[in-house]
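Structure, as structure tokens:
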Amino acid sequence: MYPEIRNIKSYGLSKKVDRPLIMCEYSHAMGNSNGTLAEYWEVIHSTPGLQGGFIWEFWDHGLDQVMPDGTTRSAYGGDFGETIHDNNFCCDGMFFPDRSPKPALNEMKQIASPIEITAMANGKFSLLNRQFFNDLSAFELSWAIHANGELIDKGQVKLPRVKARAKNTFTVKSPALRRRDVLGEAFITFSLTLAKSTPWAQQRFEVAWSQHQLPSKPLPKLKAKGSGRDFVNTHNEIELPQGVLPPQLTLWRAPTDNDQIGHMADHWNEWGLRNLKRIKSSKKDSQSSTTLTHTWQTGSGITISHTQTIERIDNGLRVTEKVVLPKELNDVARIGTNFELASSLAFSTIFGAGPMETYPDRKIGRIHKWSSSVNENYVPYVKPQENGGRADVRWFTVTDSAGHGLYIHLDKPRQVTITPMRSGDLADASHHVDVQPSGNTVVTIDAIHRGVGTASCGPDTLDKYRIKPGVYSWQWSAVQI
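Residue numbers (the working numbering): 1231 to 1711.
And the structure:
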């Protein structure tokens, strides 16, 4: 139960064992969880003797409870007046109490793909049938090529005959595969669907997908036009168009169940990460840029150095940020920029991993252009916590109903959260129906974000998904559209 990845690999490589390993429980699905599922399955697929396992568990066992004001909430331990209980520990499934799927289920669905496609050369691809008993005759395979989220070409693949556990090849013939002048990142995405309806899904239900990056030209970099002093107020804060609260440093997230039970949140509380205060600030202007130098202090008195260099660009500004995370702050929740925009900017589009919520250690998603209302980004975990993030975001927009607002371009793929909720309000609520929207659109751009892991019952995230002391920098550009 709940072995670490290195332990199951050690078992599979041991010459002393004489039977396969099935994990009777692993990847505890409590709240925003199931980090490192992909790493578990990389080892399972590549190591003989590892046969998989059972995620704990299927659904959250929250009970519908009607409150005096008529609202209904998913109730858990202590909500019925009992004094001996396990709080929300009964809410640890891949589905919510109403049987709707949590975002992590999309990760496991793709991990369980019956095929594996590998790009070769000249439009040729290798196809592995992962199934142990069936060929691929039950499926159809289509493809689409997009650049910067825009469709360029699409078509169907005539699936070759591939027996169980066998490989074959196929070729995609499209002029788009040979183009080198496409602006923005280009990808070919395959979709495996059911050829006929089955007792468990309708015809054309997507069973799996596979995505591969194609050659392309990066989007042109926005040229600096001089100092960004016009975007800085008298308090040495950046003023964004339609901004309500200015961009400021954040090192904290609303603790997940894993953060709480795994005691990471205890350290964040001891350090006072939630209550960052700016205790010193200065401004330096030059012809080319304006630099703000800040000193932040945690609730326990630890200081953090932070700079923001602002340049003017066409219809907006570019901000380059740097933080020196001191050695006392080992394993924080995030390092990023948080700001709030007018509530009229109620619609978001991201070009990143989606369409569902994704995090650094649970980010199997198609790189594409995904649009939604800001309200729809909120994920209603039974006990409110960090939610709604998107991994590997290249750019995003936050707009009103007419499409006017901000286009924000990032220097490299980053974690981004666009939500109506503030982290503090999430952390203070015990049930998701208690969380009230802030009245603004809350945006966080992370230079780095901690993995979610599974530490509520099992291993924490891997070391590579933790945040260590050091120097971190990130850049973002905001343009009015």
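Glycine included, each C-beta is placed from N, C-alpha and C at the ideal position.
### Spatial neighbours of G1307 in its chain, beta-carbon cut-off 6 Å, leaving aside the 5 residues before and after
Locating residue 1307 in the sequence shown gives position 77, counting from the first residue. Correct list, in chain order: H1315, D1316 and N1317.
### Message
For Q1295, tell me which candidate among G1282, D1309 and F1400 has the shortest Cα-Cα distance.
### Response
As a first step, residue 1295 is located in the sequence shown; it is residue number 65 there, counting from the start. Per the Cα distances, D1309.
### Message
Rounding to the nearest angstrom, what Cα-Cα distance links M1297 and R1303 in this structure?
### Response
On the sequence shown, residue 1297 is found 67 positions in, with the first residue counted as 1. On the sequence shown, residue 1303 is found 73 positions in, with the first residue counted as 1. If you take the alpha carbons of M1297 and R1303, they lie about 7 Å apart.
### Message
Let me check one thing: in DSSP terms, what residues is M1253 bridge-paired to?
### Response
Position 23 of the sequence shown, counted from the start, is the residue given in the question as residue 1253. Note: M1253 sits in a beta bridge opposite G1283.
### Query
Residue range of the alpha helix (DSSP H) that S1574 falls in?
The sequence position of residue 1574 within the sequence shown is 344, counting from 1. Per DSSP, S1574 lies in no alpha helix (DSSP H) segment and is marked neither H nor E.
### Status (buried if at least 16 other CB within 10 Å, exposed otherwise) for H1661
What you label residue 1661 is simply residue 431 of the sequence shown in a count that begins at 1. Buried.
### Query
Which parts of the segment 1632-1660 are runs of the beta strand (DSSP E), unbroken and 3 residues or longer, counting only runs that do not cross its ends?
Contiguous beta strand (DSSP E) elements confined to the segment 1632-1660 occur at 1635-1649, taking only those with 3 or more residues.
### Message
Could you pull the DSSP bridge partners for T1550 from this structure?
### Response
The residue labelled residue 1550 in the question sits at position 320 within the sequence shown. Partner(s): T1539 and Q1705.
### Message
Tell me the rounded alpha-carbon separation between G1669 and P1450.
### Response
Mapped onto the sequence shown, residue 1669 falls at position 439. Mapped onto the sequence shown, residue 1450 falls at position 220. Each residue's alpha carbon lies about 35 Å from the other.
### Query
V1663 to T1301, Cα distance in whole Å?
Here residue 1663 refers to the residue found at position 433 of the sequence shown. Here residue 1301 refers to the residue found at position 71 of the sequence shown. Their Cα atoms are separated by approximately 8 Å.
### Query
Applying the criterion that 16 or more other CB atoms from any shown protein chain within 10 Å of the CB defines a buried residue, is H1493 buried or exposed?
Taking the first residue of the sequence shown as 1, we reach residue 1493 at position 263. Looking at its Cβ environment, which holds fewer than 16 other Cβ atoms inside 10 Å, H1493 is exposed.
### Task
Would you kindly check if the distance between the Cβ of S1511 and the Cβ of E1541 is under 8 Å?
One-based indexing of the sequence shown puts residue 1541 at position 311. One-based indexing of the sequence shown puts residue 1511 at position 281. For E1541 and S1511, no; Cβs fall outside 8 Å.
### Query
Under 8 Å between the Cβ atoms of V1402 and W1373?
For the purposes of this step, residue 1402 is identified with residue 172 of the sequence shown, where counting begins at 1. For the purposes of this step, residue 1373 is identified with residue 143 of the sequence shown, where counting begins at 1. Cβ distance < 8 Å, so V1402 and W1373 count as in contact.
### Task
Please name the residue in G1456, K1552 and I1382 whose C-alpha comes closest to that of D1767.
A question about residue 1767 goes unanswered here, because the residues of the chain that appear run from 1231 up to 1711.
#### Entry: Proximity of P1333 and F1325 at Cβ, strictly below 8 Å
On the sequence shown, position 103 is the one that residue 1333 refers to. On the sequence shown, position 95 is the one that residue 1325 refers to. No, the pair does not count as a contact, with Cβ atoms beyond the cut-off.
### Query
On the three-state DSSP scale, how would you describe Y1695?
Stepping through the sequence shown from its first residue, residue 1695 is reached at position 465. Y1695: helix per DSSP, three-state reduction.
### Query
Can you list, in chain order, the residues of its chain whose CB lies under 6 Å from that of C1320, leaving out five sequence neighbours each side?
As a first step, residue 1320 must be located in the sequence shown, where it is residue number 90. Hits under 6 Å: H1291 and Y1306.
### Message
Using 8 Å as the threshold, is the C-beta distance between I1565 and L1555 below it?
### Response
Taking the sequence shown and counting its residues from 1, one reaches residue 1565 at position 335. Taking the sequence shown and counting its residues from 1, one reaches residue 1555 at position 325. At the C-beta level, I1565 and L1555 come within 8 Å of one another.
### Query
Residue ranges of each beta strand (DSSP E) run of no fewer than 3 residues wholly in the segment 1431-1494, ordered along the chain?
Restricting attention to beta strand (DSSP E) runs no shorter than 3 residues, the segment 1431-1494 encloses them at 1436-1444, 1454-1457 and 1473-1480, ordered along the chain.
### Query
Can you name the residues that DSSP bridges to F1363?
The residue labelled residue 1363 in the question sits at position 133 within the sequence shown. Answer is none; F1363 lacks a bridge partner.
### Query
Just to confirm, does N1466 get its C-beta within under 7 Å of one of the non-hydrogen atoms of the ligand GDP?
Ligands in the displayed structure: none, and consequently the ligand GDP is not present.
### Task
Taking L1470 and A1659 to be in contact with their CB atoms under 8 Å, please state how far apart those CB atoms are, rounded to whole angstroms.
Within the sequence shown, residue 1470 is the residue found at index 240, counting from 1. Within the sequence shown, residue 1659 is the residue found at index 429, counting from 1. Their Cβ separation, rounded to whole angstroms, is 28 Å, which puts L1470 and A1659 out of contact at 8 Å.
#### Entry: DSSP three-state assignment for S1356, whether helix, strand or coil
Numbered from its first residue, the sequence shown carries residue 1356 at position 126. In the three-state reduction of the DSSP assignment, S1356 falls in the strand class, which pools E and B.
### Query
If you run the structure through DSSP and keep just helix, strand and coil, what is G1683?
For this step, residue 1683 is matched to residue 453 along the sequence shown. In this structure, DSSP gives G1683 a state outside helix and strand, which the three-state scheme calls coil.
### Query
Exposed or buried, which one is E1415 when buried takes at least 16 other CB atoms within 10 Å?
Residue numbering aside, residue 1415 sits at position 185 when the sequence shown is read from its first letter. Around the beta carbon of E1415, a 10 Å sphere encloses 16 or more other beta carbons of the protein chains shown; the residue is thus reported as buried.
#### Entry: Nonlocal neighbours in the same chain, by C-beta distance under 6 Å from K1447, ignoring five residues either side
Mapped onto the sequence shown, residue 1447 falls at position 217. Closer than 6 Å at the Cβ level, and outside the excluded window around K1447, lie L1413.
### Query
Expressed to the nearest angstrom, what Euclidean distance is found between the alpha-carbon atoms of K1453 and T1649?
Along the sequence shown, one-based indexing puts residue 1453 at 223. Along the sequence shown, one-based indexing puts residue 1649 at 419. One C-alpha to the other measures close to 30 Å.
### Query
What are the boundary residues of the beta strand (DSSP E) that includes E1415?
Residue numbering aside, residue 1415 sits at position 185 when the sequence shown is read from its first letter. Unbroken run through E1415: none, as it is neither H nor E.
### Message
Threshold first: 3 residues or longer. Then list the beta strand (DSSP E) segments lying entirely within the segment 1497-1533, N to C.
### Response
Here the runs fully enclosed are 1507-1515 and 1520-1527.
### Task
Below 6 Å CB to CB, which residues in the same chain sit around L1636 once its five sequence neighbours on both sides are set aside?
Residue numbering aside, residue 1636 sits at position 406 when the sequence shown is read from its first letter. So the qualifying residues of the chain are V1628 and A1708.
### Task
Select from Q1478, L1424, G1700 and N1568 the residue whose C-alpha is nearest the C-alpha of T1671.
The residue you call residue 1671 lines up with position 441 of the sequence shown. In this structure, N1568 is the residue among Q1478, L1424, G1700 and N1568 with its C-alpha nearest to the C-alpha of T1671.
### Secondary structure of I1238, DSSP reduced to three states
In the sequence shown, residue 1238 corresponds to position 8, counting from 1. Collapsing the DSSP output to three states places I1238 in a helix.
#### Entry: Buried versus exposed call for I1285 [16 or more other C-beta atoms within 10 Å across all chains shown]
Taking the sequence shown and counting its residues from 1, one reaches residue 1285 at position 55. With a 10 Å radius around the Cβ and a threshold of 16 neighbouring Cβ atoms, I1285 comes out buried.
### Query
Does the segment 1465-1485 come close enough to the segment 1517-1536 that 3 or more CB-CB pairs lie under 8 Å?
Below 8 Å, enough C-beta pairs join the segment 1517-1536 and the segment 1465-1485 to call them touching: three or more.
### Query
If you compare alpha carbons, which of T1539, S1343, L1371 and G1700 is closest to R1434?
To locate residue 1434, count along the sequence shown from 1; it is residue 204. Scanning T1539, S1343, L1371 and G1700 for the CA closest to the CA of R1434 turns up L1371.
### Message
Does I1314 come out as helix, strand or coil in the three-state DSSP assignment?
### Response
As a position in the sequence shown, residue 1314 is number 84, starting the count at 1. Note: I1314 maps to coil in three-state DSSP.
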